Every structure is written in structure tokens, then in C-alpha cells.
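Add 6 to the 1-based position in the sequence shown for the numbering used here, that's all there is to it.
Some notes on the structure that comes next.
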Amino acid sequence: TIAEDDIDWWSKYYASKDEFNKCGTYIQKGYETLTIYSHPLELFEFYEGFNDFCRTFELFRGKTKFEEENEIVGEFKGLFKVYPLSENPNESLPHRIMENFPSNNLEECLIRVYIIRGIDLQAKDSSGKSDPYIEIQLGKIKIDNRDEKIPNTTNPVFGKMFEIKTIIPLAKDLIIRIKDWDLITTDDIIGQTTIDLENRLLSKYRATCGLPLQYNVTGPNQWRDNVLPRKILYDVCKRNNLSLPELLDDHSIKIGNTTFRLDDFEQEKNLTIHVGEEEERLALYILHELRLCPEHIETRPLFNSFQPFIEQGRLELFVDIFPKSHGPPGPPFIITPRKPKPYVLRCIIWNTSNVILQETSITGEKMSDIYVKGWLTGMEDDVQKTDVHYRSMDGEGNFNWRFVYNFSYFPAERCISIKKKEYFWSYDATELKIPPVLNLQIWDNDKFSRDDFLGALTLDLNHLCKPTKDSDMCTLDIINDQLSNNVSIFDMKHLKGWWPCVDLQSGDPKLTGKIELELEILTEKEVIERPAGRGREQPNEHPKLELPKRPETSFLWFTSPYRTFKNIIWKKSKWYIIIILLLICFIIFLLLFLWSMPKAILSHLLHTFK
């Protein structure tokens, strides 16, 4: 499970998008979500384009010639209301619709611009991708994060917050550009979008800072507005000609003839330890009943001047406006993209059993020269191999060999980070996020031909099928029943047992061997405290791996002729060899007898005649 410290703003984001595999235990802990709009905030029908207080009229420069194009030279913000008057001059004037105007004085504001991510940006490079970065312009202020470009992508995750101080309406149009970084040529504008900050500041829907679903004074969703809910409720009621709120007690607020009680809103809520005062929570619930702008993310289309009517991608963002006259705002959200944490996977190959025998020995026996190799998916440049268990006659192999894999891991998203250059000429590496999968294969070693593949085992480290304690119980049912027995090595930390290896080349899985493993996951700190080397190299600890006790027949035959004769040929064909040796001796004796017999007979005859 994910610790409290690992719950961040992105947990809230993914929970709001129903991507629960990336948000950890955020929902279970009772934290609230936010609203994600698939369009610009002002296009939500209920908000009237934020023109509820005043509308914007463009001002054009007069033309001296008919052929000249209209040139916008400014804007006029205002609203006209026509009241019907009675013919009787003694009747009172009709009720004024527009009252309690917001101040038209210059307002110094702090603007926080949160850029979440880009979606389907127009590619600007020949590779079909871009190197996007952000440029913000507000009046004469222009800032960017060119040095933090995101290479080789059309769906960048920016996770960037910009703070700008401005005076509204002297600088009211916030322009957000996404540009493509180029090493030599001028950076291209992918697209841009413009937000009218003044409309949001003046709107009765209070689009300055979205209201969260819960009032929290601590934790990842700490209140960030510079006005507390009760004060906001008072200002909203006053501006909209509603009865001013009356606090009956900590649990009840009365507005006009309606009484709101805290229990009516929190009967089925799972409150966290971070919630604030009861009267503030109740005021916030009432504000949501008035349909003010909630905490949100809006999705804005991007356009550029070269193709003004063709969308160049979209941008997820939100903007907070804090008038200085209302006091200092709360702390900003930390939306920095998640950074992977370093982990180490240690995999000890203890033994194999029931491995299929692929070769035939010089004595006619079935055998295999077994070794195991493994790697993490996406890290194929770090393939590790055991030594070879030669001449296994029964499919058993003994190794006592440790694989060690270093990788970067996102605990909340349960995936590893791989950074690779797509091409050797690529300027930057591209980051990929993939599931952590350990691949193990059993091979038969051949000296004069290609090694033979015997079987494979693929282990998703987040969804491991439970191993068995001994080899006899290890069957294919373990893999087939993995959905009901899944465990995560990141939760278990340590796992040991037997897993089946299969061959899928024939279509249906075929059991081709069994492998005894010990898996252990360690953090960077734990690795320093408990060091261990690869294979049986130093430091050979945690645990110490001894040389395996292999049979005397386990060796490479042509490197030791005497051991080959002693342990293979003599052991199996001893009586045949003795018989052959006796037969050879007899034949030699017979040949010697036949060779010397005539000479002996001739010598005897000559001696007789003499």
C-alpha cells in the first residue's frame, strides 16, 4: 500500500479521472476529488461565459479605405439594461436589477497559473513529435520554462506552476503558449490560448479560485484561498441580494427562511483528520449549493495564427486569482510531476527441476547443460546469466546465483521509468512508463551451435502468482489461477518458492521445467544497509551464496578427459571395458604364441637331428 506521504496532488488528479490504478489509496482515505471540464471554463453553460456582470465589446479603428481590414484597437466592458417605465410619472421607478457592483478600481492581484499537461499537440519535428515547453505572457511580463522542455512527445506532462503579480484591468489577458524547442532554428509556436482574467474576477460565479469539496486546514488539500468560506458566503449573499447568513450555532446557518445543518451534508461522508472548523465546513457546503465555481481543471484548445481555425492540441490547466486587498493566499498546490524512486530487485536462482532434456550424450543418455538468464522488460541491455549446470541427467540444476537489477519506480502508478534515446542521433532521451515485469528463461548450453530454448517464466512484480513450497506441488495451475492469488513484491518485500516454466511455441502452454527463486525488493537505503553482489561476487551476503553441490558428472567433457573417462565412460561401461581389455590381452598372447611357435618348433627339430 501507499503511505500517507506518497499521496500527492496527482493522486487527486487521477482519482478525479477514475484512473484508480494511479491514485493509490486516495479515495479509501476519504479525500475529495475535483471537477475536470473537457472544455474552457467559461463555456460551461451555467456560467454565461462569465459575462454576467458586463460584456466585452471590441473597438475597431475607423477605415479610410474600403479595402482596409478592421483593426481591433481596444475593448469596452459594460452592460446595458433597459427598464420599462410607466406612463404615470407618479409611480416609483422599477426595481434595479444591477446593484452591489464590484469595485471598478485598479486591483493588484497575484495570479497562479497551473499547467497540468498537453493533449495531442501538433507535431513540429520530422520524427512526428515535438519538444514542447510553456511560455506565459501577461501584459509586459513574459516568462517561460524553455530549459525544462519535455523531449520527444505530443502528450507532455508539464506539472508546472507560474506566479505572476499584475494589476487588473491594466493587464487582464493571460496568454499561454506552447512552443516547440529547436536546437538551431527559431522555436515554433505550437498553439496558444487566451484567458480574460478580468471577467473571472468580476463574475458573480466567483471564478477566481475554485471551491474544493471540503474545507481542510492541513494535508494535501489544504485551503489555498485568501478568504475563508464564511466570509465568501457573506459576500456572495450581499452581492446577489440574498438575506445575509446567520450563524445559529456551530452546526447550523440560516439564510432567509432556509436553515442549513451540517449533519445534512456529512451523514455519509468519511472525514479525514485534516478537516477544519465545523462552521467553515458548513459555509462551504452552502456555497456549493449556490453553484459557484468548484475546484476544477479546464481543457483549453490551442490555436496559432498560421492555421487559426484548426485546433493544434489541448491544454489542461487552472488559474487562481488572488486580489491583494483580500489578504495573502494559502500555500500553492505542488503539481511537480512525480519522480521515480530508486529500487533494487534481487533475484536468487537456487535450483531447477524437471527441466526437459534436450541433448544426447556420447553414451546415449538424455541430458541438458542448463543455465538461466533474466532481465526486466524495457531493460534488455542488462541481461544477466547464471553459470552452467553441465550434464543434468534428470532435469535438476543447482546454481545459488544472484541477479541484481537497479531500476526507477513510481509507487503510486506502479510502473517503472525507462529513459532511452529513440535513435542514436537523438539529442534527448525519451521517458517511458511500463509495468515492472521480470523475464526468466531456461536454456540448454551448446558450444558448437546455437543454445536451445527450454522454457520461460514471466513475472509481473505487481501481480505475482504465489509460488509453491516444494517442486512436486508446482504445476501450471499456479499460472492459470494467478488472478485469485495475486500478490505484489512491493507489498510483500520478500518471496521464495517454486514457479513453473512453460514453452508457448506450440500454442498451448507446456510445462518444461520448474525454477526455485527468491525475490526481494529493496529501497536505496536498504541496499546500503544490506549490500550484495551479482552472482557469487563480493559482497556475497544477505544471504551468502555457497558453491552449489553438483553431481560429479556435472562438467564440460572436453575440458577434463580424465574426469570424463572416470565419471562417465568407466562408471557406465566398466565391465565392458574389462572384458575388452582381457580379450585384447588374450589376442596379443595368441598372436605372440603364433608368431613364436614356428621358430620354437624349428629350433626343436634341428636340435633333435643334431
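A virtual CB, placed ideally from N, CA and C, is assigned to each residue, including glycine.
For clarity, every value in this text was computed on a predicted model and none was experimentally measured.
**OP:** In the DSSP assignment, find the beta strand (DSSP E) that holds D497 and state where it starts and stops.
**Re:** Premise fails: D497 lies in the alpha helix (DSSP H), I495 to M498, not in any beta strand (DSSP E).
**OP:** Please state if the CB of L127 and the CB of I184 are separated by a distance shorter than 8 angstroms.
**Re:** yes
Original post:
With C-beta atoms as the reference, is P329 less than 8 angstroms away from D14?
Top reply: no
**OP:** Please state whether DSSP places M399 in a helix, a strand or coil.
**Re:** coil
Subject >> Inside the segment 187-215 only - beta strand (DSSP E) runs reaching at least 3 residues >> reply: 194-202
**OP:** Look at the alpha carbon of P441 and the alpha carbon of P506, and state the distance between them as a whole number of angstroms.
**Re:** 21 angstroms
Subject >> At least 3 beta-carbon pairs within less than 8 angstroms: the segment 584-599 vs the segment 389-396 >> reply: No, the segment 584-599 does not touch the segment 389-396.
**OP:** Would you mind listing the beta strand (DSSP E) stretches within the segment 37-106 that are 3+ residues and don't spill past its ends, in chain order?
**Re:** 61-67 and 77-84
Subject >> Nearest-angstrom Cβ-Cβ length linking W407 and R542, presumed shorter than 8 angstroms >> reply: 7 angstroms
Original post:
Does DSSP put F168 in a helix, in a strand, or in coil?
Top reply: strand
**OP:** Could you tell me which of E204, I33 and F615 sits nearest to L277, measuring between CA atoms?
**Re:** I33
Original post:
How big is the Cα-Cα spacing for F561 and R397?
Top reply: Below a pLDDT of 50, predicted positions are generally treated as unreliable, and F561, at 49, falls in that range; the measurement from the model is reported next regardless. The straight-line gap separating the alpha-carbon atoms of F561 and R397 is approximately 7 angstroms.
Subject >> Contact belief for V443 with K472 at Cβ below 8 angstroms, rounded distance in angstroms >> reply: Separation of the CB atoms of V443 and K472 is rounded to 17 angstroms, and the pair is thereby denied contact status at 8 angstroms.
Subject >> Residues that D466 bridges to, as DSSP identifies them >> reply: V443
Subject >> Residues that K148 bridges to, as DSSP identifies them >> reply: Q143.
Subject >> Contained alpha helix (DSSP H) runs [length at least 4] in the segment 225-267, N- to C-terminal order >> reply: 235-245
**OP:** With a 10 Å radius around its C-beta and 16 neighbouring C-beta atoms as the bar for buried, classify D193 as buried or exposed.
**Re:** buried
Original post:
Should L446 and L463 be called a contact, given that it needs their Cβ atoms to be closer than 8 angstroms?
Top reply: yes
Original post:
Are there 16 or more other CB atoms within 10 angstroms of the CB of F430, so buried, or fewer, so exposed?
Top reply: Within 10 angstroms of the beta-carbon of F430 lie fewer than 16 other beta-carbons, which makes it exposed.
Original post:
Which same chain residues, not among the five before or five after D179, have their C-beta less than 7 angstroms away from its C-beta?
Top reply: T200 and D202
Subject >> Inter-residue Cα distance where the pair is L219 and E301 >> reply: Distance from the CA of L219 to the CA of E301, rounded to the nearest whole angstrom, comes to 8 angstroms.
Original post:
First and last residue of the beta strand (DSSP E) that includes Y349?
Top reply: K347 to S359 is the extent of the beta strand (DSSP E) around Y349.
**OP:** Specify the secondary structure class of D393 as computed by DSSP and reduced to three states.
**Re:** D393: coil per DSSP, three-state reduction.
Original post:
Leaving out the 5 sequence neighbours to the left and right, which residues in its chain are closer than 6 angstroms to I121 when beta-carbon positions are compared?
Top reply: I140, F164, K166 and L323
Original post:
C591 by DSSP, collapsed to three states: which one?
Top reply: Of the three classes helix, strand and coil, the one that applies to C591 here is helix, per DSSP.
Original post:
Nearest to W381 by alpha carbon, out of N110, V410 and E371?
Top reply: Ranking N110, V410 and E371 by Cα distance to W381 puts V410 first.
Subject >> Rounded distance between the beta-carbons of F59 and P108, thought under 8 angstroms >> reply: 7 angstroms
**OP:** Could you tell me the distance, in whole angstroms, from the CA atom of F266 to the CA atom of S92?
**Re:** 41 angstroms
Original post:
Leaving out five residues before and five after G55 in sequence, what residues of the same chain have Cβ atoms less than 6 angstroms from its Cβ?
Top reply: Within the same chain, G55 has close Cβ partners E48.
Original post:
Mind checking Y568: buried by the 16 CB within 10 Å criterion, or exposed?
Top reply: Below a pLDDT of 50, predicted positions are generally treated as unreliable, and Y568, at 49, falls in that range; the measurement from the model is reported next regardless. Its Cβ having fewer than 16 others within 10 Å, Y568 is exposed.
Original post:
Of the choices D400, L208 and Y291, whose alpha-carbon is the least far from that of I376?
Top reply: D400
Original post:
Rounded to whole angstroms, how far is the Cβ of N404 from the Cβ of P554, which I believe are closer than 8 angstroms?
Top reply: 4 angstroms
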